[in-house]
Structures are given as structure tokens and as C-alpha cells.
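Asker:
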Ligand code: SF4
Ligand code: SF4
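Residue numbers (my numbering), protein chains in the order written: chain V, 203 to 385; chain W, 116 to 827.
1. Run the CB neighbour count on residue 785 (chain W), radius 10 Å, all protein chains shown included, and call it buried at 16 or more, exposed below.
2. Just to confirm the assignment, what range does the beta strand (DSSP E) spanning residue 350 (chain V) have?
3. Decide yes or no for the touch test of the region 678 to 687 of chain W against the region 739 to 757 of chain W: beta carbon pairs closer than 8 Å, at least 3 of them.
4. Answer yes or no: does any C-beta atom of chain W fall closer than 7 Å to that of residue 291 (chain V)?
5. From residue 261 (chain W) to residue 230 (chain W), what distance separates their C-alpha atoms?
6. First and last residue of the alpha helix (DSSP H) that includes residue 396 (chain W)?
7. Give the list of continuous beta strand (DSSP E) stretches no shorter than 3 residues that lie fully inside the region 373 to 442 of chain W.
8. Provide the residue span of the beta strand (DSSP E) that contains residue 293 (chain V), from first to last.
9. When you compare the CB positions of residue 287 (chain V) and residue 320 (chain V), do they come within less than 7 Å of one another, or not?
10. Mind checking residue 131 (chain W): buried by the 16 CB within 10 Å criterion, or exposed?
11. Give the DSSP-derived three-state secondary structure of residue 287 (chain W) in the structure shown.
12. For residue 291 (chain W), would you say it is in contact with chain V, using Cβ-to-Cβ distances shorter than 7 Å as the test?
13. Below 8 Å, how does it come out for the region 394 to 407 of chain W and the region 359 to 369 of chain W: are there three or more Cβ pairs, yes or no?
14. Under 8 Å Cβ-Cβ, which residues of chain W neighbour residue 353 (chain V)?
15. Measuring only between beta-carbons, confirm whether residue 246 (chain V) sits less than 7 Å from chain W.
16. Figure out for me which residue from W:723, W:303 and W:474 has the closest Cα to the Cα of residue 281 (chain V).
17. From residue 283 (chain W) to residue 623 (chain W), what distance separates their C-alpha atoms?
18. Excluding the five sequence neighbours on either side, which residues of its own chain have a C-beta within less than 8 Å of the C-beta of residue 207 (chain V), listed in chain order?
19. Anything in chain V within Cβ reach of residue 136 (chain W), meaning under 8 Å, just list it in chain order.
20. Measure the Cβ-Cβ separation of residue 288 (chain W) and residue 297 (chain W) and say whether it is below 7 Å.
21. Interface residues of chain W around residue 183 (chain V) at Cβ under 9 Å?
22. Buried or exposed: where does residue 798 (chain W) fall if 16 or more other Cβ atoms within 10 Å of its Cβ makes it buried?
23. Consult DSSP for residue 196 (chain W) and reduce its assignment to one of helix, strand or coil.
24. Buried or exposed: residue 205 (chain V), going by 16 or more other Cβ atoms within 10 Å of its Cβ?
25. Since residue 351 (chain W) meets chain V, which of its residues come closer than 9 Å, beta carbon to beta carbon?
26. Check residue 758 (chain W) in the structure and name its three-state DSSP category.
27. Mind pulling the alpha helix (DSSP H) runs of 4 or more residues that sit fully within the region 618 to 666 of chain W?
28. Could you say if the region 559 to 566 of chain W and the region 625 to 640 of chain W meet the contact criterion of at least three C-beta pairs nearer than 8 Å?
29. Measuring only the C-alpha atoms, how far is residue 660 (chain W) from residue 691 (chain W)?
30. So residue 469 (chain W) packs on residue 766 (chain W), CB below 8 Å; how close in whole Å?
31. What are the residues that DSSP puts in a beta bridge with residue 320 (chain V)?
32. Among all the DSSP beta bridges, which residues are the ones paired with residue 581 (chain W)?
33. Residue 475 (chain W): beta carbon under 6 Å from a heavy atom of ligand 4?
34. Within the same chain, show all residues whose beta-carbon is closer than 7 Å to that of residue 277 (chain V), passing over the 5 residues directly before and after it, in chain order.
35. Tell me the rounded alpha-carbon separation between residue 764 (chain W) and residue 771 (chain W).
36. Is residue 124 (chain W) helix, strand or coil when you go by DSSP?
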């Protein structure tokens with residue numbers, strides 16, 4: 203399932219990574235932020251939206267390892283951020299999409315306004331298609347359900363496919379095999 | 116057709132940027148679409164969509180009521196607006212009540228339909244389109260030329276200039292750079308805006324949800340950043356259940372842009388939190404604007420099944436030549452013609468309905484299962500009912516309606532035409548056919564029509580009988596095709612009879628909206644062809660076959676002449692096209708081929724009616740190959756040749772380039788023969804190649820088979 207998803211998601215321009223444990227995933231995110239030049243500077247920082255993944259994570263030591271990482275998400279901060287980190291609900295193999303409940307405003311802010319969107323998801327959340335996901339999502343308790351498939355793109359000028367017109371220019375998906383168990 | 120309209124057509128056809136861009140796009144689209152649908156049963160999928168949408172269309176009141184209850188229970192405001200004015204009033208009131216100064220919009224055809232931007236701007240607001248294509252045309256002060264790709268008619272040079280003016284900077288034509296300019300410019304607009312307006316791709320009655328599909332992410336910003344969200348949704352966007360989203364979401368991106376899914380799809384159910392923690396004001400306007408009336412119309416209710424994917428435009432040979440602006444209105448192409456006739460006025464579709472050549476390409480790909488060409492014919496018919504036929508057309512059809520007169524005039528044409536004939540082709544035709552010779556040669560009217568020759572043909576007395584329906588072209592221009600057909604069927608042990616009272620199949624009248632005339636033609640033919648008890652009624656002209664098999668019934672039904680329907684059905688059952696019949700006879704072992712023949716290479720041109728209405732395309736290819744010809748397929752073998760009956764007279768400026776394209780595709784195969792199953796196509800392509808001088812034989816399949824088949 204994972205390989206299939208990876209192929210489909212990469213075909214639409216997403217970057218897909220997989221880690222065994224939560225700790226491995228955290229290490230990756232820290233080094234990713236470093237590599238992208240995330241820092242405390244204006245327009246250079248990263249925002250991490252609240253979610254279950256962060257439960258039990260020592261944020262202070264994380265921030266020490268990744269300067270410029272903030273857990274406070276506001277409209278003003280999001281508008282100028284370089285990276286936004288959030289969690290996704292499901293991954294779909296047929297289209298390489300992430301499906302996520304974005305009723306909470308922070309979820310939308312970190313996935314629409316930053317230049318790069320990093321999405322974390324458990325490897326066990328991969329489903330094989332829309333019927334499977336539609337059996338799980340329920341609009342009566344998720345007011346804003348978002349399907350995200352690759353980065354923002356357009357082909358409106360001379361049909362040339364160009365990345366990043368309004369939304370993130372990169373979508374980085376981080377799979378974690380043992381999401382519940384670790385830490 | 117009005118002169119200004121004709122002018123806009125020729126201007127578009129001669130706009131090289133436009134036609135090249137659209138041509139390239141439609142070629143790539145075909146390949147990409149096929150790839151996107153790999154592994155999907157398209158017929159099953161679209162039946163599924165059609166069923167669900169048809170259900171919604173016939174229960175609109177119910178669904179709207181349920182939607183309203185659901186969405187309002189969650190805190191949204193739902194407003195049912197029957198007219199564009201009411202929509203505008205409502206939006207203005209919301210804006211005034213909330214002191215709105217700036218508005219950002221995500222793409223919405225419904226708002227284009229009611230010219231909302233102009234209205235809001237006149238009322239003192241700033242309005243920005245944020246879909247890149249929409250923003251481009253907004254800056255250019257134009258209308259969208261395509262439902263899905265509004266700015267497809269513009270070059271990067273034009274875009275660079277527009278953007279340059281907007282940001283007061285000289286810009287290069289580097290596309291990623293231009294996109295970056297838009298990103299920067301619009302980002303501040305999103306953040307400043309007081310109100311966001313979107314359309315809706317779907318509205319789900321069961322849950323009160325709105326579904327928004329985009330690639331750029333602008334809809335996500337428009338529904339997140341401003342504190343007010345207005346979703347303006349046409350009531351054709353309803354589906355009943357949440358699960359109904361699945362098939363539509365499967366087809367929409369695949370059909371629209373050949374994507375498996377767009378970058379973003381949002382399902383919004385009730386208001387959400389604003390960025391400052393307050394609750395959003397969510398207004399959902401359900402716009403009618405004659406949609407309910409359309410859903411009650413027997414012929415047009417299927418138009419409610421449209422999911423606005425735009426694929427009908429992408430495959431239309433006319434649209435790709437002229438682009439969207441010729442249609443003069445918000446919605447373009449075949450579906451646009453229909454929507455204009457309804458959302459504006461029937462009269463507004465008078466010129467544009469004539470653009471459809473009835474090739475059926477759109478019908479084949481439509482995920483909503485709309486029969487666009489049929490609805491366009493219905494528009495034609497209603498226009499004729501409203502306004503009556505033009506004098507020339509009246510004259511023509513009064514002749515066609517009178518078999519004896521019609522046939523004697525065609526005979527006369529063979530005599531008057533004689534001095535103008537050269538090498539089997541005629542340059543100037545007399546009478547009403549005179550304009551036909553623009554841009555291509557035409558066959559001479561035969562000195563002796565088939566109906567006279569038939570009497571001299573000696574046939575063995577055979578038990579099984581088939582009636583031959585010749586159609587005007589074989590009867591009066593290509594009688595030798597009829598003779599070949601008889602030879603072939605005789606070999607299979609079938610005697611051919613030719614009912615002399617058969618007349619025009621009514622297609623010309625029908626395609627011009629003159630249903631009364633077509634109805635009379637139908638009755639005359641039914642009477643003539645069923646007079647003797649035959650096993651088959653065979654035709655070698657797909658247009659005629661379609662008339663006999665489908666249209667007689669439809670025409671008589673629409674005229675209320677129901678007493679003729681059983682007979683029409685009986686005729687339909689017996690009717691068969693030439694290649695299908697011969698293939699059947701070969702399969703039954705009643706005909707065989709001479710062995711070991713090497714007859715050279717051929718390419719096959721699929722005639723619109725044969726391929727798409729009758730679904731016949733394998734049979735002739737198989738027969739010709741069995742006979743010993745080698746097939747080299749041509750590019751776009753099933754694209755129209757531009758003939759379309761009187762279309763080539765009325766719109767030669769469109770017909771001619773379509774033919775030229777076809778000729779180039781034929782020549783590119785290097786084949787020495789081009790085969791087809793339609794005498795109309797033989798006339799168009801044969802005439803084109805005659806003027807072009809290319810040494811390629813243009814043959815009806817039956818002419819290529821006649822000497823190659825043997826009886827038992
Ligand atoms: S039938 Fe052919 S010409 Fe008419 S709208 Fe459809 S694709 Fe275009
Ligand atoms: S008519 Fe069919 S093909 Fe055309 S936009 Fe509507 S659904 Fe798509």
C-alpha cells in the first residue's frame with residue numbers, strides 16, 4: 203500500500219518519506235527544517251499546528267534543536283512562514299491524496315499559507331480509494347474536509363504546468379509506522 | 116446568420132495563436148484523458164453519474180429544502196434565488212450590512228452568468244478574481260473562453276504585458292516568473308479581503324455540504340481568510356447523498372484536465388472558525404435562473420446532469436478552431452449553446468447553434484451522459500417553430516418534401532451541370548447547391564441516377580431479399596456504389612430490391628430544424644421500404660442509416676405522429692449498414708475472400724454517424740484487411756471531415772480548415788487509398804484531394820470489396 207501511495211503521490215509532485223518510529227520522524231523533521239534554512243528570521247520560520255503527534259513531545263528541546271520552530275499559529279505568522287507542519291487523517295493510494303479534517307483554523311493556516319507544507323501521517327492510515335475514505339469521513343463532525351494532492355499548481359498560462367500559484371510550493375509527506383507506540 | 120457573427124467566426128479561424136493553442140491542447144488532451152481513465156469503466160461510471168444527477172434534477176425542491184434545513188441547523192444562511200437580480204440584491208445586502216469594501220473570488224461560472232463582478236464594482240467594492248486564469252481575463256477585461264481554462268486563448272506575451280501594467284514593472288515572459296508575480300500580488304488581496312465568494316462544484320442535500328475543487332489553492336484561501344463566505348451555486352449542482360460525491364469526484368478532474376484528482380478538494384459543511392477565533396458568516400445562495408424550468412423540459416432536463424468539466428469543448432472540432440469568444444456568451448461550446456438558450460434566451464443561441472456540425476464527439480466523452488448534438492437540434496427545431504424557416508430554406512425543403520419534383524430537379528441538374536464537369540468532378544453546381552463548390556470539387560451529378568440504372572441490372576432470383584436504401588448521394592451522384600452493393604449481396608445469395616418511392620431520408624431538413632418536412636420524409640420512406648417483405652433494409656450511407664434506425668422514430672414522436680411509430684420501429688429493426696451486414700455474412704460463411712491478395716496500404720476515415728451513433732468501426736477495417744489491404748491508421752481517424760451536409764455551405768470558413776486537417780492526416784500515413792463508409796465523406800474528402808492533387812484514391816468500403824469477395 204505504501205509503495206503504491208508513494209508512486210501516485212510522487213507522480214503529482216509530492217515528496218514522500220517513511221520512518222519506523224516517531225523519534226526517527228522527529229529527527230528527520232529537525233534536519234529537514236535545518237536544510238531548508240528555517241531560522242528565527244522573518245519569513246524564515248516554521249509553524250507546527252497542534253495535533254496528537256505532538257502529545258508527549260518535549261517542545262522546548264525540539265525548539266532548541268530547530269530554531270525558528272513555533273507552535274503558536276496565527277494568521278499573521280502563517281502569512282509569512284516558510285514551513286507549515288500538520289497531521290493528516292488518511293492517505294489514498296488511487297490518487298496519491300491526503301485527506302484531512304481542517305475544521306480547526308490552525309490546520310488550514312499551516313497548510314495553505316506557508317511555502318512548504320509538511321504533513322505527518324501513520325502508515326496504517328493508507329486507504330485504497332475514495333469509497334473507503336468516504337465511509338470514514340463524516341461531514342456532520344468535520345466541517346472542513348480537505349483532500350490535498352500534491353503541491354499547488356496551475357496550467358492557466360499557455361497550458362504550462364507551474365507549481366505554487368497560491369498554496370504551498372512543496373508538499374512533504376512523512377509516514378510513521380509506529381505512530382501510537384513510540385515515546 | 117448575421118454578418119457580424121460570420122465576421123467573428125472568420126476572425127477566430129484566422130487567429131493563429133488561438134487555433135494553434137487550442138489544436139495542440141485538444142490533441143494532448145485526448146491522450147492524457149485516456150491515460151487518466153485507465154482501469155476505469157467509463158460507461159459504468161457515467162451511467163452512475165447520470166442516474167444520480169437525473170434523480171437530483173427531478174427532485175430539486177425536495178433536495179433544496181433538505182439542504183436548507185441541514186445547512187441552517189449548522190449555522191449557515193441558505194437563500195433560494197430564482198433570478199439573477201435577487202442573487203445580486205442579496206449579496207449587496209450582506210456586503211452593506213458588513214461594511215464590505217473588498218471581495219476576493221474563487222472561480223464561479225454562476226457569478227459570470229449573472230455578471231456579478233460588474234455589479235459589485237458599480238456598487239463601490241473592489242473585486243478580485245483569484246483563479247489565475249480568471250484574474251488574467253479580469254485584467255484584460257474579457258470573458259472566459261473556456262469553462263475550465265478561462266484564459267486558454269492568451270499567450271504568455273499578452274499575460275506578461277497585463278501583469279506588467281498591474282505591478283508597474285517590465286516583465287519577461289518566463290511563465291514560472293509570471294506565476295510568482297500573481298502569487299505575490301494576490302496574496303495581499305486574500306489577506307485584506309472582507310468577503311470571499313466561491314461557486315460550488317457540488318451541493319449535497321443530505322448533509323448541507325458544498326464541494327469545491329481547485330488546483331491553485333485559491334478556494335481554500337477565499338474560504339479561510341475573509342470573515343464572510345458566500346457560495347453561489349446553481350441548483351443543477353445538487354446531489355442527494357454524501358456518497359454521490361464519489362463518482363463525480365472520480366470523473367470531474369479526469370474529464371476536465373486529465374488529472375486523477377485536482378490539488379485541492381474541500382468539503383465545507385456549515386460555518387467554520389475565522390482566523391481570529393470568531394465564527395464565519397456562511398451564506399449559500401442556490402440560484403435557479405430557469406434551471407427548474409429546464410429540469411421540467413422533456414428534452415433538456417438531461418442538461419441538469421452536466422458537471423461542468425468542459426471536456427465537450429476539448430474534443431469539439433469546431434471549438435478548437437474558433438475558441439470560446441465566438442460564442443459571445445458566458446458558457447461556450449456545445450453545452451454553452453444550450454445553457455445560453457436557457458439562461459439567457461432561445462434567440463441568443465440563434466447564431467451559435469449553427470456552429471455545431473453534429474459530429475457527436477462531445478456526446479461520446481461527456482461524463483454526465485448529455486446528448487449535446489441532439490439538444491442543439493432541438494434548439495434549431497424550436498427556433499424554426501418560433502420564427503419559421505428562411506425563404507431559401509423554405510424553397511429547398513418544399514422541393515425535398517415533394518419526391519417527384521426533387522428527383523426531377525436533381526435529374527435536371529445533371530444536364531445543366533454537364534458543361535461545367537471536368538474529369539468526373541463538377542466545379543459549379545446549379546440551383547441551391549451552387550455554394551457547395553467553395554474550396555473543393557464536387558462529384559458530377561450522374562447522367563443516369565441509380566433508380567434508372569437499377570431497372571437494367573440483372574439479378575438472379577433469390578429467396579432472401581434486402582431492400583436497398585440508396586439516399587440522394589448514391590442515387591444521384593454515385594450510382595456505381597449502388598451497383599457494387601448489389602453485386603456483393605447477390606454473391607451472398609441475397610436479392611436486392613429497390614423501392615422506387617424512397618426519397619430523401621429527411622436528415623437535411625431535420626438538421627435544419629424543419630421537423631415537419633423530416634416527418635413527411637420519414638412517412639414516405641417507411642411506406643416505400645416496408646411495402647415488400649424483406650429481411651434487411653440496407654444502406655451504404657451512415658446518415659441515412661441513422662435516420663432509418665433512430666431518427667424516424669424520434670422525429671415522429673416529437674411531432675406527435677404516434678400512429679406511425681410501430682411501423683417506424685419495424686423499419687428500424689430491419690435496417691443495417693453495409694459493413695455490418697457484410698461482416699455478418701462473412702461470419703456466417705456466406706461470403707469469403709480471395710486468398711493471398713496483396714492490395715496495398717489503406718487508411719480508414721471514420722464517419723461521425725457510423726462511428727459514434729452506430730458504433731461501427733471495427734467491421735470495415737476487418738473486412739478490408741481480410742480482403743488483403745494493409746491498414747495504416749491515421750491520426751485522429753475519427754475526427755469529422757467537415758462535411759456535415761449543408762454545414763459546408765453555411766460555414767465554409769470552418770468546414771474548409773477541418774477538411775485541410777483531415778487531408779494532412781491522410782497524407783501523413785503514406786497510404787495510397789483512403790477508405791470510408793459514407794458517400795458524404797467520399798464527396799468531401801474526394802473533392803478535397805482532387806483540388807489538392809494528391810494521388811490518393813478515395814473509396815467507399817464497398818467499392819474496395821466488390822471484386823474481392825466470393826460467394827459460397
Ligand atoms: S456534436 Fe461535434 S460539433 Fe457539435 S458540439 Fe458536439 S463536438 Fe462540437
Ligand atoms: S456537457 Fe458533459 S462534457 Fe460538457 S461540461 Fe457538461 S458534463 Fe462535461
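Backbone N, C-alpha and C define an ideal beta-carbon position, used for all residues, glycine too.
Answerer: On the basis of the coordinates in this document:
1. exposed
2. 346 to 350
3. no
4. no
5. 16 Å
6. Per DSSP, residue 396 (chain W) belongs to no alpha helix (DSSP H); it is in the beta strand (DSSP E), 396 to 402.
7. 379 to 384 and 396 to 402
8. 292 to 294
9. yes
10. exposed
11. coil
12. yes
13. no
14. 378
15. no
16. W:303
17. 56 Å
18. 218, 293, 294, 295, 298 and 328
19. 360 and 361
20. no
21. No answer is possible for residue 183 (chain V): the residues shown for chain V start at 203 and end at 385.
22. buried
23. strand
24. exposed
25. Within 9 Å Cβ-Cβ: nothing; residue 351 (chain W) doesn't reach chain V, min ~21 Å.
26. coil
27. 622 to 626, 630 to 644 and 657 to 661
28. no
29. 7 Å
30. 7 Å
31. V:287 and V:374
32. W:611 and W:651
33. The model depicted lacks ligand 4 and carries ligand 1 and ligand 2 instead.
34. 311
35. 10 Å
36. helix
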